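Trainee: Under my numbering, the residue at position 928 of the sequence shown is numbered 928, and the numbers go up by one with no gaps.
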Amino acid sequence: MWEFFEKLDEMVYVSDVDTHELIYMNEHLRNSLGYQNHEEYVGKMCYEVLQGAASPCEFCTNSQLKEGEFVTWTHKNPVLNKRVLLKDSMIHKNGRNYRIELAINADSEAACQSTYYYARSETILNECIQQIFSTTNAEESISRMLAYIGKTFASDRSYIFEITGNGIATNTHEWCEEGVEPQKDLLQNIPVSAIDWWFSLFDKDKVTVISDLEDIRNEYPESYALLKPQGIHCLAVGPIKEEGKTIGFIGVDNPDKQMMPMIESFMKVIGYFTVTLLRQRDLLERMNNLSYHDQLTGAYNRHAMNEQYGKLPMDSVGVIYCDISGLKEVNDNQGHEAGDRLICHCCGLICQGDKDCKVYRAGGDEFVAVYADCGKEEFQNKVSQLRQKIKEDQCHMAVGYAWSDQKPLELEKLIAQADQVMYQDKRKYYRINRHRPGVERRHVDVQHFPEENAEQTPFQRFLNNSGGDMESLFQSISQNNNSSYFYLGDMQKDLYYISDNMRQDFGFESNLVPGFLQRWSQRISTPEVCDLFWQDISGMMREKRTVHDMSYWVQDAKGNNQWIRCYGILKWNKDKTEPLFFSGRITHQDTDFVVDPITGLPREQMSFQQMKELKKNGEKTIVIGFSLNGLAAINSTRGREYGDRLLKRVADALMEKLSWKMSFYRLEGARCMAIVNPVCVEEGQESLVQQIRDTVRASYDGMDISVQNPCSCGVIQYPSEDMAEEDLVENLVSLIRVAKQESKKSFVDYSARSIQKIKEMSNLALALSQDVDNNMENFRIVVQPMVSGGDGRAIGGEVLLRWSFEGKDVSPGIFIPLLEENRLIQRVGRWVFEQAVSTCVRLHTYDPAFYLTFNVSLHQLSDSALLPFMKETLEKYNLKGSSLVAELTESALDEHPEQLNNFTQECEKMGLFIALDDFGSGYSSLRMLLQYPSSIIKLDQSLVQETTESEAKMNFIRSIVFACHQFGKTVCMEGVEQAEQNEIILNTGCDMIQGYYYFRPMELRDLYRLVSQM
């Protein structure tokens, strides 16, 4: 255990209280005394080695030592010839009492020579350590420590920051004096670069002391801009180190300046105790996380939910019960990684970033959200918001809810009520989508069997009164049936009766099959699906369910794989303690599963059959994959019904014009594929792809949908020796993603280059999603300043998003579409807004009139959480909305006028200004001046190019500027890059100019320095 002290910068030794024998000295003390290893001193007397004495010291404190308490004193050591501050305590180990002493050099500062200083320093350190060890709860110890430090040094605030591996500092703990505004929530994820000069001091084991904040105004503008808004005029911060590496810092704001020398020496010591507390806290958090959190989603688990029953102090409670639709299909067709992503995505939808919501994962595909002390109307709004999000999302969840304020509040009963409502919603969904391929029906058509003593059903009465014969009935529905198999089972005897065709097709010896479930599971094609089968059966037993419904591949007696759906109903006894009877049917899915209900196109499973047939006949062809671009935005802005109409229109047009040349199939999402008739291959890839592109373009135009590149295509030759049909489809989907990034090409073929690109895109998409989930790691903002057209001074700037991957910046043209495709753009958009607000607050320390603009996309306009978040963020940072400008692109204005009008009206209430970006790039620019309440018009950079072409075009620009001024708009010209352009633009009357001629996008550090020098 002594190794804990080995690398401390202070001197530490341990001796036996009874014998005075030295047990341990840390590296610092050994080096100071000239010992090379432990063997040279272990067993020697402490008074001989440390004091140069022949007998125990008269001033020895052994008699005063108590376990868990410290004796603090000062002493001039004759061997070291130094005055040291000593901390002595006793530790009991293995039946022995040991003295442990920590020595701190007290002669490091001239100001620390007085007797009062030593006494006061000893008292402060001793009392602070007592606060640390006064409780076994690490969080409580940290709180008590910070409160003691803050009060003792008469500070406004004391705090701890911790450093993550990617150079980000986060304020994790704070104490504030009464009346002082807390800062912790405003100081999350601060780049270490803003205070990197502190770390240069920390590396030298020094404390950073700022006696007057104005002293760093010009030398360290980024630090000044960070500290000034907090009301700081002086501070002291010391390092928290672990194994010689700075992992954080502890500090005080605005302490008593007369105590600054004492604070400085104190901070050198207290960091060592702090790191121990932080590690204890982390250990407890990890243990708690494992016990109470679902490791996949981070939500609370069923154990946590059971613990919460009856333990939530609340006056009212609302419960939302959610069940993910289609999870089994995703797991079956795309793999469990895709299923896990779906689960995490749905969990994120439920959470909605709501701090008042506790989300529990109640089962594999089920979540429970609990809202404590939530009013009925507010709770209903939460439910409505969630349903709207689900409606706009590509994934579906059934939703049930219950709310109560009637005491006693029984959470378990409310969850059961919400569960029932959820099943009604699920039934409705499946009723509407009953022909939709892959839609799970588990849990849905729940049949309630009559109990032994219950009144007979009409069917039972009919059989009893008509001489009906169950065997005849069974034979009548199973005989000569090529699409369905039937089974009946006694669950208590584990004995089943199966239909003749099932016995024949799957190689059973008899219609009576003992242990049927076990024997049937042996015919399931893959171990993974077999595991899922048993999980579902076990779930039925555990959850007392009555319905089993799964689709999977099984192998028949001839070794052929068949895609089947197994549906069964389980009858229980009256109190549901024993399963009694299990019956059901197994159906081939060749006719029920493979047609997409929206487009009428067959699903991808049917393409495998065609490709295998071509391969069997020795024929060669090409397979074209293509996406219908912009569909997600269309669904968000115009509704899913409109998007479905587009899908149907495209499919109908493709079938009408090209079905004799190609066979079309619907893939996942907005993607399709075409298998070219071998006789048409000679037309060439370019021609065939172009025919698809032209047909898709015509369909978009026919519905007045403006998308620059409506169709992205990938091409693969078939057959390929190393590529199975399933792999081909997977690679085709990846090729489509690559084609979206290379939009200038009409298609991307499967080549070594595209394979590498696929890997890169997959890595990018995965890393991008992980970084968003990991608190926006590797994201940052930069700002491109805008200057006054009058004097060229920077008066504002446009916030731009940047993301780095493997240490290099990725083009926004690549990662922004990935964010949109993976439905992450709304979360990122909210983060960018908060960055704009916090940056603006800090810039105001130099120039209170400096403003920032931020871009708002179509995807963000459909984000119901955006406007409340903006209002909350402005209040959080205490920033007036007039310091910010929301930029809307002209091309987005007509897409969804209701959402746009609502957004602009709410922005106006918050005081934000609206800028119309890329003005002049569309056909309806002048109408926009009147229709929308924009304050700033940003002229598209394409107009800059035209000003240098002729006097007439320059006069045209002047007329646009004049018209904008007449409507009371301020005008900014974008894209000015050359001196000639700048001179011409200055003569057009533009109020502001933005472009590389003045400034490229700047890192925040450079922006702060620029503003500080104006």
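Just so it is clear, CB atoms sit at the ideal spot from N, CA and C, and this is done for glycine as well. Keep in mind that this is a model prediction, so the values were computed, not measured.
Can you give, in chain order, each stretch of the beta strand (DSSP E) that sits fully within the stretch 788 to 843 and has at least 3 residues?
Mentor: Qualifying beta strand (DSSP E) stretches, in chain order: 794 to 805 and 808 to 810.
Trainee: Does the stretch 737 to 745 come close enough to the stretch 697 to 707 to have 3 or more Cβ pairs within less than 8 angstroms?
Mentor: no
Trainee: Specify the secondary structure class of Ile705 as computed by DSSP and reduced to three states.
Mentor: Counting from 1 along the sequence shown, the entry for residue 705 is found at position 705. Ile705 falls in the coil class under three-state DSSP.
Trainee: Considering Gln994, what are the terminal residues of the beta strand (DSSP E) in which it resides?
Mentor: Your numbering for residue 994 matches position 994 in the sequence shown. Counted as a single uninterrupted DSSP element, the beta strand (DSSP E) harbouring Gln994 occupies residues Met992 to Gln994.
Trainee: Specify the secondary structure class of Cys680 as computed by DSSP and reduced to three states.
Mentor: Counting from one through the sequence shown, the residue named residue 680 turns up at place 680. Helix, per DSSP.
Trainee: What would DSSP say about Asp917, mapped onto helix, strand or coil?
Mentor: If you number the sequence shown from 1, residue 917 lands on position 917. Strand at Asp917.
Trainee: Starting from Asp505 and walking both ways along the beta strand (DSSP E), at which residues does that stretch end?
Mentor: Along the sequence shown, read from residue 1 onward, the residue named residue 505 stands at position 505. Careful: Asp505 lies outside any beta strand (DSSP E), inside the alpha helix (DSSP H) at Asp500 to Asp505.
Trainee: Alpha helix (DSSP H) containing Pro514: first to last residue?
Mentor: Residue mapping note: residue 514 aligns to position 514 of the sequence shown, counting from 1. No alpha helix (DSSP H) holds Pro514; the beta strand (DSSP E) holding it covers Leu512 to Pro514.
Trainee: State the CB to CB distance for the pair Gln1013 and Tyr997, rounded to an integer number of angstroms; the pair is presumed to be in contact (CB under 8 angstroms).
Mentor: Within the sequence shown, numbered from 1, the residue matching residue 1013 stands at position 1013. Within the sequence shown, numbered from 1, the residue matching residue 997 stands at position 997. At roughly 19 angstroms, the Cβ-Cβ gap does not stay under 8 angstroms, so Gln1013 and Tyr997 are not in contact.
Trainee: Buried or exposed for Val79, going by 16 or more other Cβ atoms inside 10 Å?
Mentor: What you label residue 79 is simply residue 79 of the sequence shown in a count that begins at 1. With fewer than 16 Cβ atoms within 10 Å of its Cβ, Val79 is classed as exposed.
Trainee: Report yes if the C-beta distance between Tyr24 and Val17 is below 8 angstroms; otherwise report no.
Mentor: Along the sequence shown, read from residue 1 onward, the residue named residue 24 stands at position 24. Along the sequence shown, read from residue 1 onward, the residue named residue 17 stands at position 17. No. Outside cutoff.
Trainee: Can you grab the Cα-Cα spacing for the pair Thr276 / Phe903, in whole Å?
Mentor: By 1-based counting over the sequence shown, the position of residue 276 is 276. By 1-based counting over the sequence shown, the position of residue 903 is 903. So the alpha carbons of these two residues sit roughly 49 angstroms apart.
Trainee: I'd like the list of long-range same chain contacts for Ile142, defined as Cβ closer than 6 angstroms, with 5 residues on each side in sequence excluded.
Mentor: One-based indexing of the sequence shown puts residue 142 at position 142. Counting only Cβ-Cβ distances below 6 angstroms, and skipping sequence neighbours, we find His173 and Leu277.
Trainee: What is the residue span of the beta strand (DSSP E) that Val330 lies within?
Mentor: Your numbering for residue 330 matches position 330 in the sequence shown. Premise fails: Val330 lies in the alpha helix (DSSP H), Leu327 to Gln334, not in any beta strand (DSSP E).
Trainee: For the stretch 821 to 838 and the stretch 768 to 777, state whether three or more C-beta atom pairs, one from each stretch, are separated by less than 8 angstroms.
Mentor: yes
Trainee: Exposed or buried, Trp534, counting other C-beta atoms within 10 Å across all chains shown (16 or more means buried)?
Mentor: As a first step, residue 534 is located in the sequence shown; it is residue number 534 there, counting from the start. With fewer than 16 other CB atoms across the displayed protein chains lying within 10 angstroms of its CB, Trp534 is exposed.
Trainee: Is the separation between the beta-carbon of Ser583 and that of Tyr485 shorter than 8 angstroms?
Mentor: The residue given as residue 583 occupies position 583 in the sequence shown. The residue given as residue 485 occupies position 485 in the sequence shown. Taking 8 angstroms as the Cβ cut-off, Ser583 and Tyr485 do not qualify as a contacting pair.
Trainee: Could you tell me which residues DSSP pairs with Ile936 in its beta bridges?
Mentor: Here the question's residue 936 lines up with position 936 in the sequence shown. Ile936 is bridged to Ala915 and Thr970.
Trainee: Quick check on Arg585: does DSSP put it in helix, strand or coil?
Mentor: As a position in the sequence shown, residue 585 is number 585, starting the count at 1. Residue state, collapsed to three classes: strand.
Trainee: To the nearest angstrom, how far is the alpha carbon of Arg281 from that of Ala147?
Mentor: Position 281 of the sequence shown, counting from 1, holds the residue named residue 281. Position 147 of the sequence shown, counting from 1, holds the residue named residue 147. One C-alpha to the other measures close to 18 angstroms.
Trainee: For the candidate residues Gln905, Arg830, Ala915 and Ala849, whose alpha-carbon lies nearest to that of Leu874?
Mentor: Here residue 874 refers to the residue found at position 874 of the sequence shown. Closest by alpha carbon: Arg830.
Trainee: Considering only residues of the same chain and omitting the five flanking positions on each side of Glu798, which have a CB-CB separation below 6 angstroms?
Mentor: The residue given as residue 798 occupies position 798 in the sequence shown. Gln784 and Thr853.
Trainee: If you check the beta carbons only, do Gly625 and Met673 fall under 8 angstroms apart?
Mentor: Residue numbering aside, residue 625 sits at position 625 when the sequence shown is read from its first letter. Residue numbering aside, residue 673 sits at position 673 when the sequence shown is read from its first letter. Yes, the pair counts as a contact, with Cβ atoms nearer than the cut-off.
Trainee: Thinking C-alpha only, which one of Glu214, Thr246, Ala402 and Tyr224 is nearest Lys204?
Mentor: The residue given as residue 204 occupies position 204 in the sequence shown. Minimum Cα distance to Lys204 is reached at Thr246.
Trainee: Comparing alpha-carbon positions, which option in Ser935, Arg958 and Ser959 lies nearest Gly968?
Mentor: One-based indexing of the sequence shown puts residue 968 at position 968. Checked all of Ser935, Arg958 and Ser959; the closest Cα to Gly968 is Ser935.
Trainee: Going by alpha carbons, who is nearest to Gly792 out of Leu986, Ala915 and Ile343?
Mentor: Position 792 of the sequence shown holds residue 792. Looking at the Cα atoms, Leu986 is the closest of the given residues.
Trainee: For Tyr997, does the three-state DSSP call read helix, strand or coil?
Mentor: Your numbering for residue 997 matches position 997 in the sequence shown. Correct three-state label for Tyr997: coil.
Trainee: In angstroms, rounded to a whole number, what distance separates the CA positions of Phe356 and Val370?
Mentor: The count along the sequence shown starts at 1 and reaches residue 356 at position 356. The count along the sequence shown starts at 1 and reaches residue 370 at position 370. In the sequence under discussion, the amino acid at residue 356 is Asp, which differs from the Phe named in the question. Going by the C-alpha atoms only, they are around 9 angstroms apart.
Trainee: Return the residue from the list Ala54, Tyr47, Phe70 and Glu264 that minimises the CA-CA distance to Cys60.
Mentor: Taking the first residue of the sequence shown as position 1, residue 60 is located at position 60. For Cys60, the nearest C-alpha among the options comes from Tyr47.
Trainee: Do Thr297 and Ile343 come within 8 angstroms of each other at the CB atom, strictly closer than that value?
Mentor: For the purposes of this step, residue 343 is taken as the residue at position 343 of the sequence shown. For the purposes of this step, residue 297 is taken as the residue at position 297 of the sequence shown. With a cutoff of 8 angstroms on beta-carbon distance, Ile343 and Thr297 are scored as near each other.
Trainee: Which residues does DSSP pair with Glu337 in a beta bridge?
Mentor: Residue 337 sits at position 337 when you count from the first residue of the sequence shown. Its beta-bridge partners do not exist; DSSP assigns none.
Trainee: By how many angstroms is the C-alpha of Gln230 removed from the C-alpha of Lys257?
Mentor: The residue labelled residue 257 in the question sits at position 257 within the sequence shown. The residue labelled residue 230 in the question sits at position 230 within the sequence shown. The alpha-carbon atoms of Lys257 and Gln230 are separated by roughly 18 angstroms.
Trainee: Which same chain residues, not among the five before or five after Ala111, have their C-beta less than 7 angstroms away from its C-beta?
Mentor: Walking along the sequence shown from the start, residue 111 turns up at place 111. Model confidence at Ala111 stands at a pLDDT of 35, short of 50, so the residue's coordinates are unreliable; what they give is reported in the following sentence. If we look at Ala111 and ignore the five residues flanking it on each side, its Cβ neighbours are Pro261.
Trainee: Restricting to runs no shorter than 4 residues, where is the alpha helix (DSSP H) found entirely within the stretch 168 to 222?
Mentor: The stretch 168 to 222 contains these whole alpha helix (DSSP H) runs: 196 to 202.
Trainee: If we count the other Cβ atoms within 10 Å of its Cβ and call it buried at 16 or more, is Gln994 buried or exposed?
Mentor: Taking the sequence shown and counting its residues from 1, the one referred to as residue 994 is at position 994. Per the 10 Å Cβ criterion, buried.
Trainee: Leaving out the 5 sequence neighbours to the left and right, which residues in its chain are closer than 8 angstroms to Trp660 when beta-carbon positions are compared?
Mentor: For the purposes of this step, residue 660 is taken as residue 660 along the sequence shown, with counting starting at 1. Answer for Trp660: Asn677, listed in chain order.
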